[in-house]
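For the sequence shown, position 348 matches number 347 in numbering that gives the first Met the number 0, and the numbering has no gaps at all.
A short write-up of the structure that comes next.
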Amino acid sequence: MVLAGMAWAAAIRLAIADDLETAVDRVSGIVYLDANANGQCDAGEKPLAGIRITDSIGFVMTDDQGRFTIQIAADVQTPYAPARVVSMSWPSGFWPSGRWWRRLSELQPTEEVTFGLREDSQPWPFIFAQVGDCHGGAAPFQAEGPFVRLFKDQFGPALKFCVHAGDYGYCTTEVMDSMFDTVVRNTRDFPVPMFFNVGNHDLAGRTAESWKQPRHGYWGFTKHLGPVRWSFSYGGVHFAAVDWADISSGDYHEGVPAVAAAWLDQDLEAQPAGTRSFVFAHHPSGSQAFIDVLVKHGVCHVFGGHTHKYKQYMLGGKVPGMTVLNAASVATVAVLVQQDRHDLVHYCGGCKHGPHYHGKNCA
0 MVLAGMAWAA AIRLAIADDL ETAVDRVSGI VYLDANANGQ CDAGEKPLAG IRITDSIGFV
60 MTDDQGRFTI QIAADVQTPY APARVVSMSW PSGFWPSGRW WRRLSELQPT EEVTFGLRED
120 SQPWPFIFAQ VGDCHGGAAP FQAEGPFVRL FKDQFGPALK FCVHAGDYGY CTTEVMDSMF
180 DTVVRNTRDF PVPMFFNVGN HDLAGRTAES WKQPRHGYWG FTKHLGPVRW SFSYGGVHFA
240 AVDWADISSG DYHEGVPAVA AAWLDQDLEA QPAGTRSFVF AHHPSGSQAF IDVLVKHGVC
300 HVFGGHTHKY KQYMLGGKVP GMTVLNAASV ATVAVLVQQD RHDLVHYCGG CKHGPHYHGK
360 NCA
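Written out as structure tokens, the structure reads:
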């Protein structure tokens with residue numbers, strides 16, 4: 000079973016301590032095979048080559064000794080450098096044994112980052128779930144909350160991870176720490192790892208100038224929940240997420256920004272031919288560059304939220320074979336992934352609706 004529950008939440012919570020609010024301009028480190036899965040690099044544990052590391056702009060790969068150095072490139076979407084994140088994008092057959100991302104504000108100038116992966120059996124079929132906007136600190140995800148009961152009753156051990164579409168509350172500079180800390184606490188005992196999208200209500204400030212300051216833009220999200228762009232593979236399927244706010248013109252606009260589309264293009268380009276890919280964004284709209292990348296790489300489905308309504312539609316209203324699945328507020332889309340197909344089922348209030356879609360390997 001994947002790293003779950005308290006161990007996964009603890010890996011998130013570690014990120015909010017000792018926030019120095021300074022930023023290094025390059026990050027070096029090592030990725031190793033955590034043979035005993037204890038979350039630390041012990042004597043004799045082997046380095047892992049070919050693991051991708053990203054600063055949410057570009058990628059580097061670990062060398063034969065498992066080592067990497069990444070120069071931090073500018074990101075117009077996160078101009079306040081201490082809020083930037085370096086993360087690991089791992090391949091199928093592995094799963095993090097501890098932390099898989101580090102915020103630049105955490106790192107001392109000479110500190111090396113250590114990422115551990117353990118071998119992980121990932122047979123078909125498996126289930127992943129996506130949940131929608133909760134706007135209440137993720138209260139439904141507490142230990143005995145409705146989502147935990149639903150997931151245990153309906154999915155059992157086949158459920159491997161969950162993705163939240165974003166909008167965890169109503170963020171301001173005054174409440175962001177308490178808001179995101181509540182999300183961390185409420186998801187601490189969730190039975191499987193949860194990955195987080197950033198929504199329009201998860202950021203503070205509405206101009207590029209304000210986002211240069213502490214406690215604005217993605218500041219609170221990256222401090223507590225991790226990178227706004229992330230990816231990994233599981234069971235031969237690739238998963239990637241991008242942000243949904245654009246300040247490149249100087250003012251705030253909603254939509255997947257061009258810089259995120261460019262990052263996604265690099266990420267999908269690195270996948271083996273024929274890989275099924277699923278992409279997550281709070282609301283997949285507002286960017287032709289984003290649509291072009293999805294079409295170029297034959298992405299199967301895009302998952303979003305934002306509208307508080309469950310619906311399926313073709314991206315841009317005109318891209319055949321590429322379906323957007325929007326999760327309703329505090330509802331679930333479960334995806335059963337099999338070798339040559341995937342089935343989507345909508346759950347609301349613990350009730351099953353569907354299956355709604357029988358997808359094939361559309362890469």
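Glycine is no exception: its CB is placed at the ideal position from the N, C-alpha and C atoms.
Own chain, CB closer than 6 Å to residue i, minus 5 neighbours either side, in chain order
i, result
"HIS282", "TRP243, GLY303 and HIS305"
"ALA362", "Note that ALA362 scores a pLDDT of 39, beneath 50, so its modelled location is shaky and nothing firm can be said."
"TRP100", "VAL84, SER86, GLY225 and PRO226"
"ALA207", "ILE246 and GLY249"
"LYS36", "With the sequence shown as reference, residue 36 is identified as Ala, and Lys is not the correct amino acid for it. Contacts found: SER96 and ARG117."
"ALA34", "GLU44"
"ALA240", "ASN196, TRP229 and PHE279"
"GLY198", "GLY165, ASP166 and HIS281"
"ARG205", "TYR251"
"HIS215", "ALA203, GLY204 and SER209"
Distance between residue j and residue i (C-alpha atoms, nearest Å)
i, j, result
"ILE29", "VAL147", "35 Å"
"GLU105", "ASP339", "42 Å"
"ILE56", "ALA269", "14 Å"
"LEU364", "ASP152", "Residue 364 cannot be examined here, being either before or after the span of the chain that is shown, 0 to 362."
"ASP188", "GLY273", "36 Å"
"ALA128", "SER230", "16 Å"
"GLY249", "HIS300", "31 Å"
"GLY219", "ALA73", "19 Å"
"ALA157", "ILE52", "28 Å"
"PRO46", "ARG117", "11 Å"
"ARG102", "GLY225", "8 Å"
"SER76", "ALA42", "At residue 76 the sequence reads Gln, which differs from the Ser that was named. Rounded to the nearest angstrom, the two C-alpha atoms are 40 Å apart."
"ASN196", "HIS223", "12 Å"
"GLY92", "VAL236", "11 Å"
"ILE374", "VAL112", "Only positions 0 to 362 of the chain appear in this structure, which leaves residue 374 out of reach."
"GLY180", "GLY234", "Correcting the residue identity first, residue 180 is Asp in this sequence and not Gly. For ASP180 and GLY234, the distance between alpha carbons rounds to 31 Å."
"VAL26", "ILE71", "7 Å"
"PHE289", "ALA259", "8 Å"
"LEU263", "VAL59", "14 Å"
"TYR79", "VAL23", "12 Å"
"SER209", "PRO124", "46 Å"
"THR61", "TRP89", "11 Å"
"VAL278", "THR331", "16 Å"
"PHE194", "TRP94", "13 Å"
"ILE50", "LEU293", "23 Å"
"GLY376", "TYR31", "The displayed coordinates of the chain run from 0 to 362. Any statement about residue 376 would go beyond what the structure contains."
"LEU119", "LEU149", "Sequence check: residue 119 is Asp here, not Leu. Looking at the two C-alpha atoms, the distance is approximately 25 Å."
"GLN39", "ARG98", "10 Å"
Coarse secondary structure for residue i, derived from DSSP in three states
i, result
"PHE179", "helix"
"SER104", "helix"
"ILE50", "coil"
"ASP342", "strand"
"TRP94", "strand"
"ALA259", "helix"
"GLY303", "strand"
"ARG187", "coil"
"ASP266", "helix"
"ASP74", "coil"
"VAL1", "With a pLDDT of only 45 at VAL1, under 50, the local geometry of the prediction cannot be trusted, and the value read off the model is given with reservation. Note: VAL1 maps to coil in three-state DSSP."
"VAL147", "helix"
"GLY297", "coil"
"ALA36", "coil"
"GLY168", "coil"
"GLY43", "coil"
"ILE287", "It is Gln, not Ile, that sits at residue 287 in the sequence shown. Residue state, collapsed to three classes: helix."
"GLN64", "coil"
"ALA280", "coil"
"ASP119", "coil"
"VAL292", "helix"
Within-8 Å CB hit, residue i to chain D
i, result
"ALA261", "Structure shown: chain D not included; a single protein chain is present."
Those residues which DSSP pairs with residue i across a bridge
i, result
"VAL30", "PHE114"
"CYS161", "ALA128 and MET193"
"VAL85", "ARG101"
"ILE69", "VAL26"
"LEU335", "ILE126 and ASP342"
"HIS252", "ASP245"
"PHE58", "THR53"
"ARG275", "VAL236"
Close beta carbons around residue i, own chain, < 7 Å, minus the five adjacent residues each side
i, result
"LYS159", "VAL1, PHE125, ILE126, PHE127, VAL191 and TYR233"
"GLN121", "SER91, GLY92, TYR233 and GLY234"
"PRO81", "GLU20, THR21, ALA22, LEU103 and SER104"
"LYS359", "Unreliable placement is indicated for LYS359, whose pLDDT of 46 sits below 50; no coordinate value is reported for it."
"ASP54", "ILE69, ILE71, ALA72, ARG83 and VAL85"
Neighbourhood of residue i by C-beta distance below 8 Å, restricted to the same chain and skipping five residues each side
i, result
"CYS350", "Any reading at CYS350 needs caution, since the residue's pLDDT is 47, under 50, leaving its predicted position unreliable; the model's value is listed next. Result list for CYS350: empty, nothing under 8 Å."
"VAL174", "GLY168"
"GLN337", "TRP123 and PRO124"
"ASP17", "Only weak support exists for where ASP17 lies, its pLDDT of 40 falling under 50; the value from the coordinates is given anyway. The answer, listed in chain order, is GLU105."
| task | May I have a chain-ordered list of the alpha helix (DSSP H) segments no shorter than 4 residues that lie completely inside the stretch 194 to 239? | result | 218 to 223
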